[in-house]
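Mapping of the sequence shown onto my numbering: residues 2 to 946, in sequence order.
Here a beta-carbon is modelled for each residue, glycine too, at the ideal position from N, C-alpha and C.
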Amino acid sequence: MFSLLRCLGRGTGLSLVLVGCLAGAFGVGRAQGQGAWPTFRQNAQRTGASTLPGPGTPEVRWRYDLGGYAYSSPAVGPGGVVFVGSADSVYAVSPDGARRWAQAVPVQDYVISSPAVATDGTVFVGARDRNLYVIWEEAARPRVEAVPLGDEVWASPLLPAGRSNRAYVGAFDGYLYRLDGARSGQTPVPERFYATLTAPLGGEEAAEIIASPALGRDGTIYLGSTDGRLYAVRPDGQDRWAPFQTGGEIVATPAVAGSAGGADAAVIVASRDSSVYAVDPATGGLRWTTRIGRDLIASPAVAGAVVYVATYDEDGAVGGELVALDAATGFVRWTRALDGPVVSSPAVDAGGRIYVGTLNGTLYAIEADGTVVWQMTLDGPVWASPSIGPGEVLYVVTSGTAQRTGTLYAIGSAPFVVRTDPPEGEAGRPVAVTADPAEAPTAATLFVRPGGGHDFVPIDMTPTGAGAQVQAAIPESMVTLRGLEYYIQLVFDERVETYPSDQPQSHPATLRVRVPQADPGGAFLPRRYRMVSIPLELDDPALSAVFAGYGPYQPDQWRLLRWNGQEYVEGPALNPPATPGRAYFLITQWGTPFRTGSGVSVNTAGPYLLTLRPGWNQIGNPFPFPVAWSAVGRDPAAVSPGDIAVFRDGVVQTPAMLDTLRLMPWEGYFVFNRSGASTTLRIPADEAVAEPEVVPARTAASPVLVAVQAEVPGTGARDVYNWVGFADADRAARYTMAEAPPLDASLRLSVWEDDRPHASVLKPMTREGARWMLRLRHDRPRTQEVRLTIRPEGRLPEGFDVYLVDPARNQHVPLDGGQAVVTVPPGEGQVLELLLGTPAYLARSYPALTEAPAAFALGAAYPDPFRTATTIPYTLRTPGPVRLDVFNLLGQRVATLVDAVQEAGRHAVRWDGRDEQGRVVAGGLYVCRLTAGEVVATRTLLRVR
């Protein structure tokens with residue numbers, strides 16, 4: 002059974018909320034009269050259509066911080082006061098953006114539902130804490146009554162007459178509740194007015210009411226449920242007709258379409274079976290159905306003879322769409338692609354213009370013929386539905402992210418008309434920018450910069466001769482793939498006006514630029530993998546079109562791969578299109594760069610949002626300029642600074658690179674989401690300028706890095722980008738890097754920490770030492786001998802040394818010049834432990850290895866048996882001449898490994914299985930003899946072939 006609890010667990014923080022179907026209610030003031038948008042979807046019929054105009058040329062009038070995540074759609078009540086819920090309270094905001102109530106409304110859990118505001122200003126709103134809140138305003142302070150219901154309330158209350166004397170609301174227990182007699186000082190008593198078919202079963206068997214109830218003109222209440230049924234409830238609480246069954250859950254609020262004669266023409270319902278249904282309100286029979294083919298979460302809008310529905314794509318592979326249907330027949334009039342999935346229900350103004358937001362944070366204004374009039378990027382995902390207020394103002398809420406709280410925007414029309422010619426820039430051609438104020442300015446200046454840039458270039462605007470109109474041209478050299486950012490300043494005798502009027506330097510207008518083609522520039526290395534991305538919105542993003550220059554897909558000539566969370570998917574099996582922020586591995590036989598087709602620059606009005614599924618994700622910089630990794634917004638509980646892997650003709654990042662890492666255009670990166678749910682990256686449209694590289698002087702606080710590398714000699718199999726070491730607590734956390742899925746599994750060395758592989762793990766410095774688990778694996782069918790190289794990058798702390806241990810054998814692995822040869826079986830491979838510390842730390846960690854050695858001893862070789870090489874440890878009691886020879890069973894000397902004067906203590910020497918002439922010796926048993934003065938020790942070695 003679908004439930005929003007699949008995406009939002011009870012008692013947990015919100016991670017996915019379907020607000021297109023949600024609503025709630027609040028109350029204020031004692032002002033009389035109907036508000037401009039008093040309830041979810043504007044009216045009791047839930048059509049989402051207003052008799053007021055929306056903004057023409059848009060600008061942000063003001064922003065209001067909602068103090069937490071926000072999924073509630075705003076309501077506009079009497080006097081233009083805006084009501085909206087968030088994670089921490091219910092807010093009342095005056096038309097000028099000022100907070101109306103100084104005191105917070107005490108709620109115990111998220112307010113997801115959208116407010117319903119009565120004509121007397123009483124506000125009704127539900128919350129996850131199983132209460133319906135009734136709010137009055139007394140002496141500029143909210144008076145709150147909490148009405149307990151049977152379960153969570155996400156739906157918006159229905160006020161049949163627009164007054165506060167009666168309200169209906171659905172809850173997660175499957176019941177429709179009725180409340181009568183709400184007035185100041187008296188708590189209304191709820192009653193279970195109607196039970197859906199599963200409500201009496203209770204528990205997990207009951208379907209939730211998430212969609213808000215809609216009211217027919219004859220008093221019938223239409224109610225959708227996650228059991229897939231549309232219910233028609235008469236005013237006496239009885240069924241008007243048998244519930245209408247759809248093929249999926251109904252989480253979108255139904256809309257009641259009217260006829261020319263004033264009667265109900267049809268009930269429009271969107272189901273999660275990807276279909277829209279028109280149901281006869283008199284009989285409950287089907288008028289028409291249209292299959293959209295995408296998930297439908299947003300509620301439909303009905304304006305005149307047209308039904309508008311928006312689509313949601315759960316895995317984010319494609320963006321959403323706005324679809325216009327004929328209200329009488331269900332025929333598809335047009336479809337408009339949007340830049341991201343949609344759960345925000347469309348709002349329609351008096352002129353038929355549609356406003357809708359996406360989870361990518363883009364707000365669209367679309368004409369009734371499907372033409373995009375304008376679009377703007379906001380500071381976060383748009384879950385809630387826009388609302389239209391007086392004065393051509395659109396109110397819209399962004400939900401917030403891990404880095405910032407939700408925001409209520411007031412978007413109005415600009416103080417003067419601004420036009421660009423062409424409306425969309427064309428690369429390499431000048432752009433004329435015209436301002437048309439009501440009166441002639443004394444001075445006019447256009448300020449312009451490349452998208453993501455820092456410094457504006459001023460350009461004087463001159464009169465055109467047409468009234469008060471002024472104009473300036475942006476030179477062709479500035480019109481590039483980066484797009485443009487600009488603002489206009491007009492000086493009058495006693496005032497200055499700007500476009501945009503609110504913080505134009507930090508929130509300038511943007512102009513996207515169209516390009517006929519684009520390429521990453523430079524040469525690719527032949528037969529070398531490179532992770533690539535596309536920093537523009539392509540007209541044809543199909544992979545077959547993007548890489549058409551390479552010809553038909555031939556893996557021996559060129560390959561394209563992408564990680565799907567479990568494995569690499571290749572070439573023809575890849576479905577997601579090449580959209581900004583998506584990356585792929587590419588390798589070609591010739592090293593020829595690819596060249597895309599036509600497209601348009603990515604909007605730089607705000608950050609670009611990328612959704613990461615749990616685990617590894619291939620991402621790219623969506624912008625055609627560098628962006629600092631440290632500036633990318635992220636949930637620190639899901640993505641740490643080290644959860645990124647850089648691929649530039651192979652993995653070359655070191656932990657220290659993370660401090661200055663820039664996400665480069667056209668490149669790709671692996672990013673790890675360590676949480677169990679989807680999370681969002683916010684890529685800022687802010688160019689990161691490269692600073693001169695300065696090698697910092699080493700101090701006592703500098704990180705101690707030890708590189709750990711592995712290779713199978715003679716095969717080319719190697720893994721050389723791994724580190725362990727020490728740093729202060731902050732850098733230890735930042736420099737700990739997760740290990741990305743390898744393209745080549747022939748050999749993999751991982752530093753194992755927190756039950757998953759890492760490329761580097763740094764730990765806070767200790768007085769005695771620390772240890773790290775190393776895991777070696779390969780894809781060969783039989784045991785391999787792997788050469789490990791352990792190399793400190795700098796000096797270890799005083800008294801520290803490097804120790805390598807085979808914990809399964811409880812055996813010390815001797816290092817010769819920082820190298821050791823270990824045997825790695827197929828399958829699970831080999832686990833070793835690397836210790837950096839004092840001898841006392843080794844003794845405490847592995848007491849059996851540190852028992853006092855004999856005064857003179859020849860230790861056991863490692864590995865033994867061996868295939869290509871082995872390391873032989875020995876101990877000298879006193880300094881002096883020492884000789885270590887290898888003999889075959891015939892007593893013939895094969896090789897002399899040591900012939901020198903050495904200090905007392907532990908030593909080790911590596912034998913590569915060759916004789917004095919450099920020839921590989923035959924497989925078999927050999928005798929190793931250590932001579933120091935008159936003392937001799939021997940051991941046998943077994944070489945296998």
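Pair within 7 Å by beta-carbon distance, Gly358 and Trp335
For the purposes of this step, residue 358 is taken as residue 357 along the sequence shown, with counting starting at 1. For the purposes of this step, residue 335 is taken as residue 334 along the sequence shown, with counting starting at 1. In this structure, Trp335 does not lie closer than 7 Å to Gly358 by Cβ.
Can you give, in chain order, each stretch of the beta strand (DSSP E) that sits fully within the stretch 77 to 140 and has at least 3 residues?
83 to 86, 91 to 94, 124 to 127 and 132 to 139
Pick from Arg683, Leu789 and Ser545 that is closest to Glu606, judged by C-alpha positions:
Position 605 of the sequence shown, counted from the start, is the residue given in the question as residue 606. Residue identity differs from the one stated: residue 606 is Ala in this sequence, not Glu. Residue Arg683 is the option with its Cα nearest to Ala606.
Given a cut-off of 7 Å on the beta-carbon distance, is the pair Pro704 and Ala730 in contact?
Within the sequence shown, residue 704 is the residue found at index 703, counting from 1. Within the sequence shown, residue 730 is the residue found at index 729, counting from 1. With respect to Ala730, Pro704 sits apart: the two C-beta atoms are not nearer than 7 Å.
Could you check how far apart the C-beta atoms of Ala302 and Pro255 are, in whole angstroms? I think they sit under 8 Å.
Your numbering for residue 302 matches position 301 in the sequence shown. Your numbering for residue 255 matches position 254 in the sequence shown. Ala302 to Pro255, Cβ: 12 Å. No contact.
Taking buried to mean at least 16 other C-beta atoms within 10 Å of its own C-beta, is Glu153 buried or exposed?
What you label residue 153 is simply residue 152 of the sequence shown in a count that begins at 1. Under this definition Glu153 is a buried residue.
Could you tell me the alpha carbon to alpha carbon distance between Gly523 and Arg483, rounded to whole angstroms?
The sequence position of residue 523 within the sequence shown is 522, counting from 1. The sequence position of residue 483 within the sequence shown is 482, counting from 1. Roughly 18 Å separates the two Cα atoms.
Under the three-state DSSP convention, the category Val936 falls into:
The sequence position of residue 936 within the sequence shown is 935, counting from 1. Of the three classes helix, strand and coil, the one that applies to Val936 here is strand, per DSSP.
Residue interval of the beta strand (DSSP E) (run including Val547)
What you label residue 547 is simply residue 546 of the sequence shown in a count that begins at 1. Where Val547 is concerned, there is no enclosing beta strand (DSSP E), although the alpha helix (DSSP H) it sits in stretches over Leu544 to Val547.
For Asp756, which residues of its own chain have a beta-carbon under 6 Å away from its beta-carbon, when the five flanking residues on both sides are left out?
Taking the sequence shown and counting its residues from 1, the one referred to as residue 756 is at position 755. Contacts found: none.
Rounded C-alpha distance that separates Arg230 from Thr58
In the sequence shown, the residue the question calls residue 230 occupies position 229. In the sequence shown, the residue the question calls residue 58 occupies position 57. When rounded, the separation of the alpha-carbon atoms in Arg230 and Thr58 is 42 Å.
Local Cβ density within 10 Å of Leu890, reported as buried at 16 or more and exposed below that:
One-based indexing of the sequence shown puts residue 890 at position 889. Only exposed fits Leu890, as fewer than 16 other CB atoms lie within 10 angstroms of its CB.
By Cβ distance, which residues of its chain are closer than 8 Å to Asp494, with the 5 residues on each side in sequence left out?
Here residue 494 is taken as the residue at index 493 of the sequence shown, counted from 1. If we look at Asp494 and ignore the five residues flanking it on each side, its Cβ neighbours are Thr443.
CB contact below 7 Å: Glu192 versus chain C
Considering every chain present, this structure includes no chain C. It has just one protein chain.
Which residue or residues does DSSP assign as beta-bridge partners of Trp724?
The sequence position of residue 724 within the sequence shown is 723, counting from 1. Answer is Ala708 and Ser761.
Please confirm if the stretch 609 to 622 is in contact with the stretch 669 to 683, defined as three or more CB-CB distances below 8 Å between the two stretches.
yes
Going by Cα to Cα distance, which pick from Val640, Pro416 and Ala708 is closest to Tyr500?
Locating residue 500 in the sequence shown gives position 499, counting from the first residue. Tyr500 has its Cα closest to that of Pro416, out of Val640, Pro416 and Ala708.
Considering only their Cβ atoms, is the gap separating Leu943 from Leu926 smaller than 7 Å?
Here the question's residue 926 lines up with position 925 in the sequence shown. Here the question's residue 943 lines up with position 942 in the sequence shown. Yes, Cβ-Cβ distance for Leu926 and Leu943 is below 7 Å.
If you run the structure through DSSP and keep just helix, strand and coil, what is Pro573?
Taking the first residue of the sequence shown as position 1, residue 573 is located at position 572. Helix, per DSSP.
Would you report the Cα separation of Pro451 and Pro556, rounded to the nearest angstrom?
Residue numbering aside, residue 451 sits at position 450 when the sequence shown is read from its first letter. Residue numbering aside, residue 556 sits at position 555 when the sequence shown is read from its first letter. So the two alpha carbons sit approximately 39 Å from each other.
How about Arg430 and Glu477: do their beta carbons lie closer than 7 Å?
As a working note, residue 430 is residue 429 in the sequence shown. As a working note, residue 477 is residue 476 in the sequence shown. Contact flag set, yes.
Would you tell me roughly how many angstroms separate the C-alpha atoms of Tyr551 and Asp636, rounded to the nearest one?
Position 550 of the sequence shown, counted from the first residue, corresponds to residue 551. Position 635 of the sequence shown, counted from the first residue, corresponds to residue 636. Distance between the alpha carbons of Tyr551 and Asp636: 39 Å.
Tell me the DSSP bridge mates of Asn674?
Against the sequence shown, residue 674 aligns to sequence position 673. Asn674 pairs with Gly616.
In chain order, what residues of the same chain have a beta carbon less than 8 Å from the beta carbon of Asp644, not counting five sequence neighbours either side?
In the sequence shown, residue 644 corresponds to position 643, counting from 1. Answer for Asp644: Val672, Phe673, Asn674, Arg675, Met738 and Ala739, listed in chain order.
Looking only at its own chain, which residues have a Cβ that is under 6 Å from the Cβ of Thr363, when we skip the five neighbours before and after it?
Locating residue 363 in the sequence shown gives position 362, counting from the first residue. Result list for Thr363: Asp340, Gln376 and Thr378, in chain order.
Considering only residues of the stretch 232 to 264, which uninterrupted beta strand (DSSP E) runs meet the minimum length of 3 residues and lie entirely inside it, listed in chain order?
240 to 246 and 256 to 259
Closest Cα partner of Ala433 within the set Val458, Met462 and Phe457:
Within the sequence shown, the letter at position 432 stands for residue 433. Answer by Cα proximity: Met462.
Rounded to the nearest angstrom, what separates Val921 and Ala771 at their Cα positions?
Position 920 of the sequence shown, counting from 1, holds the residue named residue 921. Position 770 of the sequence shown, counting from 1, holds the residue named residue 771. Cα to Cα, the separation comes out at about 39 Å.
Where the alpha helix (DSSP H) through Arg949 begins and ends:
In the structure as shown, the chain starts at 2 and stops at 946, and residue 949 therefore has no counterpart that could be examined.
Residue environment, Ser115, which counts as buried when at least 16 other CB atoms sit within 10 Å
In the sequence shown, counting from the first residue as 1, residue 115 sits at position 114. Classification for Ser115: buried.
Answer yes if the stretch 262 to 272 comes into contact with the stretch 215 to 234, meaning at least three C-beta pairs across the two stretches below 8 Å, and no otherwise.
Flag = yes, the stretch 215 to 234 and the stretch 262 to 272 touch.
With a threshold of 7 Å on Cβ separation, who are the neighbours of Ala147 within its own chain once the five nearest residues in sequence on each side are excluded?
To locate residue 147, count along the sequence shown from 1; it is residue 146. Once the five neighbours on either side are set aside, the close Cβ partners of Ala147 are Asn132 and Tyr134.
Per the DSSP calculation, Ser414 is bridged to which residue(s)?
Your numbering for residue 414 matches position 413 in the sequence shown. BP columns for Ser414 point to Pro59.
Pair within 7 Å by beta-carbon distance, Ala118 and Pro236:
On the sequence shown, residue 118 is found 117 positions in, with the first residue counted as 1. On the sequence shown, residue 236 is found 235 positions in, with the first residue counted as 1. It should be pointed out that residue 118 corresponds to Val in this sequence rather than to Ala. For Val118 and Pro236, no; Cβs fall outside 7 Å.
For the beta strand (DSSP E) holding Tyr842, just list the boundary residues, first then last.
Walking along the sequence shown from the start, residue 842 turns up at place 841. Here Tyr842 belongs to no beta strand (DSSP E); instead the alpha helix (DSSP H) covers Pro840 to Ser846.
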